[in-house]
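Asks: Mind the numbering: the sequence shown is residues 6 to 227 in our numbering, read in order. Each residue gets a CB set at the ideal place from its N, CA and C atoms; glycine is no exception. Please read these numbers as outputs of a predicted model, since none were measured by experiment.
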Amino acid sequence: EALAALAHDAGALLVVDNTFASPYLQQPLSLGADVVVHSTTKYCGGHSDVIGGALVVNDLDLAERIAFHQNSIGAVAGPFDAWLTLRGLKTLALRMERHCDNAEEIVAHLQGRNDVEQVFYPGLPEHPGHEVASRQMRRYGGIVSFRVGSEERALAACAKARVFTLGESLGGVESLIEHPGRMTHASVRGTELEVPSDLIRLSVGIETAADLIADLDFALQS
Numbered sequence: 006e007a008l009a010a011l012a013h014d015a016g017a018l019l020v021v022d023n024t025f026a027s028p029y030l031q032q033p034l035s036l037g038a039d040v041v042v043h044s045t046t047k048y049c050g051g052h053s054d055v056i057g058g059a060l061v062v063n064d065l066d067l068a069e070r071i072a073f074h075q076n077s078i079g080a081v082a083g084p085f086d087a088w089l090t091l092r093g094l095k096t097l098a099l100r101m102e103r104h105c106d107n108a109e110e111i112v113a114h115l116q117g118r119n120d121v122e123q124v125f126y127p128g129l130p131e132h133p134g135h136e137v138a139s140r141q142m143r144r145y146g147g148i149v150s151f152r153v154g155s156e157e158r159a160l161a162a163c164a165k166a167r168v169f170t171l172g173e174s175l176g177g178v179e180s181l182i183e184h185p186g187r188m189t190h191a192s193v194r195g196t197e198l199e200v201p202s203d204l205i206r207l208s209v210g211i212e213t214a215a216d217l218i219a220d221l222d223f224a225l226q227s
């Protein structure tokens with residue numbers, strides 16, 4: 006809401022990438038955003054079997070302008086891709102609740118481990134975005150990150166996990182684990198955007214939480 010006010014005071018449009026939250030957890034248009042962007046590959050599709058994206062607006066004139074450019078450059082989803090996305094949306098609410106349930110259980114477990122130095126999750130009161138997330142979001146999502154003390158240990162854990170699959174994406178029914186410093190954020194190493202080398206990121210899926218926790222315990226063994 007604060008960003009929307011700043012943008013509109015300057016005569017600009019506010020564009021929000023809502024991929025990590027999904028439409029179920031947060032609806033930026035109701036908070037003042039002008040355009041909402043989703044990678045429908047992620048939570049909207051939900052099964053890691055489609056590539057797509059969406060621009061969502063609630064202004065007819067803006068929608069017509071966007072549609073003109075979409076048609077001009079051919080940025081139109083194929084019929085089967087569209088069908089897969091619509092299929093995924095039917096279970097979005099159910100999946101997001103399970104993603105959040107599992108993430109919260111994993112966060113609580115990781116916080117109880119002496120060998121985990123820091124856990125990052127918007128649902129934690131100490132998270133810098135907690136207050137905003139609590140006000141704007143239904144729940145806190147399925148992405149969890151944590152630090153384990155050394156890059157060597159982080160890489161070993163990512164390689165050792167078995168229920169968690171090593172992968173960069175997110176939002177599917179299956180759980181993924183990755184080392185951001187060598188994967189999603191490798192291109193910004195050595196810059197101000199660099200992430201800690203001992204950081205691990207989880208995209209928590211909808212499997213049984215006990216199985217996911219047991220796998221993390223196995224992966225984090227010395």
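1) Specify the secondary structure class of S35 as computed by DSSP and reduced to three states.
2) Quick one, are the C-beta atoms of H104 and G134 less than 7 angstroms apart?
3) Quick one: what's got a C-beta closer than 7 angstroms to A138's C-beta in the same chain, skipping five residues either side?
4) Closest to Y48 by CA distance: which of D66, G210 and S27 is it?
5) From the DSSP output, read off the bridge partner residues of L204.
6) Which of the three DSSP states, helix, strand or coil, is assigned to Q123?
7) Under DSSP, the beta strand (DSSP E) around I111 begins and ends at which residues?
8) Can you give me the C-alpha to C-alpha distance between D86 and T45, rounded to a whole angstrom?
9) Would you decide whether N76 is buried or exposed? Buried here means 16 or more other CB atoms lie within 10 Å of its CB.
10) Helix or strand or just coil, what does DSSP make of E69?
11) Taking only the alpha-carbon atoms, compute the straight-line gap between A159 and M101 and give it to the nearest angstrom.
12) Which of helix, strand or coil does DSSP assign to L198?
13) Taking all protein chains shown into account, decide if M188 is buried (16 or more other Cβ within 10 angstroms of its Cβ) or exposed.
14) Please report the distance separating the alpha-carbon of S2 from that of L34.
15) Out of A82, D39, G51 and Q116, state which residue places its alpha-carbon closest to the alpha-carbon of D66.
Replies: With the given structure in hand:
1) Residue numbering aside, residue 35 sits at position 30 when the sequence shown is read from its first letter. Helix.
2) Locating residue 104 in the sequence shown gives position 99, where the first residue counts as 1. Locating residue 134 in the sequence shown gives position 129, where the first residue counts as 1. No; because the gap between Cβ atoms is not below 7 angstroms, this pair is not in contact.
3) The residue you call residue 138 lines up with position 133 of the sequence shown. Excluding positions up to five away in sequence, the list reads P127 and Y145.
4) Sequence index remark: in the sequence shown, residue 48 carries index 43 (1-based). Residue S27 is the option with its Cα nearest to Y48.
5) Along the sequence shown, read from residue 1 onward, the residue named residue 204 stands at position 199. Its beta-bridge partners are R152.
6) On the sequence shown, position 118 is the one that residue 123 refers to. It is a strand residue.
7) In the sequence shown, the residue the question calls residue 111 occupies position 106. Note, I111: premise wrong, no beta strand (DSSP E); alpha helix (DSSP H) at L97 to Q116.
8) Taking the sequence shown and counting its residues from 1, one reaches residue 86 at position 81. Taking the sequence shown and counting its residues from 1, one reaches residue 45 at position 40. Straight-line Cα distance between these residues: approximately 10 angstroms.
9) Translated into positions along the sequence shown, residue 76 becomes position 71. The residue is exposed, with fewer than 16 neighbouring Cβ atoms inside 10 Å.
10) Sequence index remark: in the sequence shown, residue 69 carries index 64 (1-based). Looking at E69 - three-state DSSP - the assignment turns out to be helix.
11) Within the sequence shown, the letter at position 154 stands for residue 159. Within the sequence shown, the letter at position 96 stands for residue 101. Distance between the alpha carbons of A159 and M101 is about 27 angstroms.
12) If you number the sequence shown from 1, residue 198 lands on position 193. Here L198 sits in coil by DSSP.
13) The residue you call residue 188 lines up with position 183 of the sequence shown. Exposed, because fewer than 16 other Cβ atoms sit within 10 Å of the Cβ of M188.
14) Coverage of the chain is limited to positions 6 through 227, which leaves residue 2 absent and any answer about it impossible.
15) In the sequence shown, the residue the question calls residue 66 occupies position 61. Minimum Cα distance to D66 is reached at D39.
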